[in-house]
Amino acid sequence: MPKRFQQADGPPYSMGRHASWSINANGLTAAGQNELLKQIGRQLQSDYQDVLKEPAPDRIRELLERLEARSNQAADDQEDL
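The sequence shown begins at 1 in full-length UniProt numbering and counts up one residue at a time.
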């Protein structure tokens, strides 16, 4: 039976039938740790997929443009030496 965790705002979340690790394990093998990290990564990608498709807020975009301009200016200054 898969492990189930109660989410604060919804139904229990099932870890799936192939979970090869236990959250209460005293010691996880390297392979178990690797599998755990992969599962966490897949779940995060799934949960935040829509957020990643959204455009960056204007303020963040402006800051990124300023950072890129400074980086380009620094590269130009290095070429002039």
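Every residue, glycine too, gets a C-beta built ideally from N, C-alpha and C.
Quick check: what's the CA-CA separation for Lys53 versus Gln45?
Answer to the nearest angstrom: the Cα atoms are 12 Å apart.
Rounded to the nearest angstrom, how far is the Cβ of Leu36 from that of Leu28, given a contact under 8 Å?
Contact between Leu36 and Leu28 holds: CB atoms are separated by about 7 Å, below the 8 Å threshold.
Mind checking which residues open and close the alpha helix (DSSP H) that includes Glu54?
Per DSSP, Glu54 belongs to no alpha helix (DSSP H) and is neither H nor E.
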